[in-house]
Structure formats: C-alpha cells, structure tokens
Amino acid sequence: MEVSMSFSHDMDGEYEKLCRRMNPPRVVIDNEACKNATVIRVDSANKLGILLEVVQILTDLNLIVTKAYISSDGGWFMDVFNVTDQDGNKVTDEGVLDYIRKSLGPESCFASSMRSVGVIQSMDHTTLELSGTDRPGLLSEVSRVLAILKCNVVGAQVWTHNTRAASVMHITDEETGLAITDPERLASIKKSVCNVLKGSIKSKGSRTVVSHTGTHPERRLHQMMFADRDYDRVKDESVLDDKQRPDVNVVNWYDKDYSVVTIRSKDRPKLLFDTVCTLTDMQYVVYHANIDAEGPEAYQEYYIRHIDGSPVKSDAERQRVIQCLEAAIERRVSEGLKLELCTTDRVGLLSDVTRIFRENSLTVTRAEVTTKAGKAVNTFYVREASGNPVDSKTIESIRQEIGQTILKVKGTPEDFNPGSQESPTRFLFGGLFKSRSFVNFKLIRSYS
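With UniProt numbering applied, the sequence shown corresponds to residues 1 to 448, in that order.
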C-alpha cells in the first residue's frame, strides 16, 4: 500500500512537470502600454495558491500595485498588474525586471506546488515565533531577556492589533554569530521568553515556538494573529473607529455560484498581499478579481469560493470573512510616529533602544528590524502608552538620550516642533554607540 501511494504521488509530480513543459508560464513586461505604470502580464497553468505567490514576489520587491485584473477560472491563470516603484515611477531597473521574469517565468520555482510562499529558512539564524497579549514595554522586555541570554536579534517583525501581539524574530548566538542549535539552550530561551509573555495578569494564550519552516515572516504573522483570534472585536481605545475601519462586504452571486467580496479602504503598500494572504489562509480560492488603487482609496473586488467549491454558506461565515479581512488590513495600519534607526549592529541594540522608548512612556505598535553587512536598520511605530499622540517634549527627551542624530519630520507643524540641533560631536547612550558607529535616527509622521 505504501509503495502504491508513493507511486501515485510521484506520478502526480511528473504529470505537473509535463503540464508545465507543455504550457510554461509566460511573463510580459510592458513599459509603453500605460503612461504612469509598468504593466506586468502573467499567464500560467493554474494551481492552488498561485495568486499569492505572484503577489508575494511583487511585494518583496517593494512594488506598488495600482491596478490589477485577475482571472484563474479553469485550468489557466491570467493576470495583469500595473505597478510602480516606491516613488510612483515606472520600473526601469533592468536588474529588477530580470528578477521578475525569472521569478514568474519558465525558470520560476512555481514547479513545486508544495513550496511555502516567500523565503527559505536560513541556517545562519534561529527563528522564534512569539504571540500573546500586548502591553506597553513588551518588546523592550522580550529583547532584554534575549540580550541577557546572549542572543542577538538580527531580524524581526512585530505586529500588534486588538490587544494581541505577534512577532517573528531571527536570533543568533552572541559568540559565534550563527544559529542556536543546542536543544537545551533553545528550551531555556523559549521558557524565559514565554515567562515574559505571560507577565500580564490579563495574558492569555502566550506562545513561543522555534520555527523551522520557510514561510514568509509577514504571512506567518497573519497566520499567528488569525490563530490568536485578533479579529474578535473588543472594546478598546486602540481599536480603529468606524471612520478608519475598512468597508468590507460579502454577497453571494447565485447565478454563478460565487461569493463577491468588496473592500474599500485607505490605500497603502502591501494592502493587496494582506487581503490575498488572508483569503488564501482561510482556504478561499480567488477566481476573478479587480483591483484599483490609483487614488487615496483602494477598491478591491474578489470572486471567491471555498476550497471545497462552495460559496459562503451562512451569515456566520459571512461575518467571519468580513471580520478577518478587516483585521488583516488593520494589522499593518500604524497611525502615529514612525522612527527609523540606522547604526552598526551589536548585541543588545534592540534592548537599549526599546528601553529608552519605554522609559519615555512610548509603546511600540509595530516594528521591523533588519541587519545587513553589520548594519542595523530598525523601524518602529510608536505612540504614548496612554494612547495619546507623542508630543515634542518626549521626542526631545529621546534625542537627548540617543544623541548624534539626523532628525526629519513629516506632517503638520503642530505634530512635532523640534528644538535646536545637538552638537554633531556629542554621543550619548552612555557611550554605547561611541565613535565606531554613526546613528541616523529619522522621525516620520506616518499614517501607513
């Protein structure tokens, strides 16, 4: 029986390869068809999850999708994306264009239908997945424990939404700079971090896992927060009001046996990925879609069925789809101050920076930590722990503590009114940064 099952699986794989050889994916990139965008057309044999794979590749290149038409009804997948770079210009970099052709064309890794969307797990770091109840100072506490345990955070994504928090962290050993593989040490790290997550009396469902999957970290964050039921509404001042909440509607088109999902929301980068990711992980298949995000408001229309072929069956299921899509969009919304810190990486950097935020009554609502070639680039979205906007005195206090900064502000004058610049030769942080690193600390008013 085992031989027969293995033979059947192998035959399925060979059949898929044969289909791909006969009908290889085709990618056409056109910079002439549209005045304001690069048009990318993708034709391919259809398979489950292919839309998310394509959207993920475009998202990872930081391309902005302004319009899209998607059709995957039947055995063929056809879609058209109008994209720009971050500055709203056409994509002309030949390196980027060539990467798109290779990633989406005949040479792409679409050949493996079992592949997780996104990155492949690196042996250079260990991945920790954390989830639990959010509270002020939580990131500071977690990063301090990791620093005490001689772990360096070389990468991290932190999201908070609806009183819940989730993070995917890449850590290395302080001494070797490599992944931590000792089972006893990993168990100790998991226990210590989990104790921090459980520190709140109101804490529920805290979880710390050493991950060995290659799933894209932002998709994992969506999956973790979905599993944590962050879409369940609670009465909390931090929850978006009705004016800010996306408008999501689901109706059944009985003549065609589809459910039609329409979404209107403020446009922002990665919005398409967030919605497609959530529909995919909820096991809905997108058969057709129209996307229009050329103005400040984005309009998305999806024609979907459940993976079993049925449309939305009940009002309870309809409400769940609406709540989950609202949550998926809101998780990445961070109204408030965006702080970017660029400096030479070192063990304990994240702990020190977030400690300063905590001591100045700031709480981190979202964060992204990256390290490349020994340089740390950290982005934080912060607000007052009380929920009020951050005022200029708090920012001045942070500037005095960190020092040697280049501070930029975007927004209205009343949002922030910085004082005089500090001496360019002054280094604070108790000499922790010292002259071996130049700190570039940018502050941006953000409603992303």
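We treat Cβ as the ideally placed atom computed from N, Cα and C, and that holds for glycine.
No experiment lies behind these values; they were computed from the predicted model shown.
Under the three-state reduction of DSSP, residue 102 is assigned to helix. The shortest C-alpha to C-alpha distance from residue 261 to any of 318, 231, 296 is the one to 318. Under DSSP, no beta-bridge partner is assigned to residue 141. Here the alpha carbons of residue 364 and residue 70 stand approximately 37 angstroms from one another. DSSP, read as helix, strand or coil, puts residue 178 in coil. If you check the CB distance, residue 73 and residue 288 come in under 8 angstroms. Counting the other CB atoms within 10 Å of its CB gives residue 159 a total of 16 or more, which places it among the buried residues. Scanning the region 279–341 from its first residue to its last, the whole alpha helix (DSSP H) runs of 4-plus residues come out as 315–330.
When beta bridges are read from the DSSP output, residue 400 appears opposite no residue. Annotated three-state conformation of residue 353 is helix, per DSSP. For residue 362, the enclosing beta strand (DSSP E) starts and ends at 362–372. Within its own chain, the residues whose Cβ lies closer than 6 angstroms to the Cβ of residue 189, once the five positions on either side in sequence are excluded, are 149, listed in chain order.
In this structure, residue 350 lies away from residue 388, with their beta-carbon atoms at least 8 angstroms apart. Under the three-state reduction of DSSP, residue 123 is assigned to coil, being neither helix nor strand. In the three-state reduction of the DSSP assignment, residue 26 falls in the strand class, which pools E and B. Apart from the 5 residues on each side of it in sequence, residue 138 sits with its Cβ closer than 7 angstroms to the Cβ of 165 in its chain, given in chain order.
One alpha carbon belongs to residue 198, the other to residue 358, and they sit about 18 angstroms apart. Residue 264 counts as exposed, since fewer than 16 other beta carbons sit within 10 angstroms of its beta carbon. Residue 182 and residue 58 have their C-alpha atoms spaced approximately 37 angstroms apart. Collapsing the DSSP output to three states places residue 173 in a strand.
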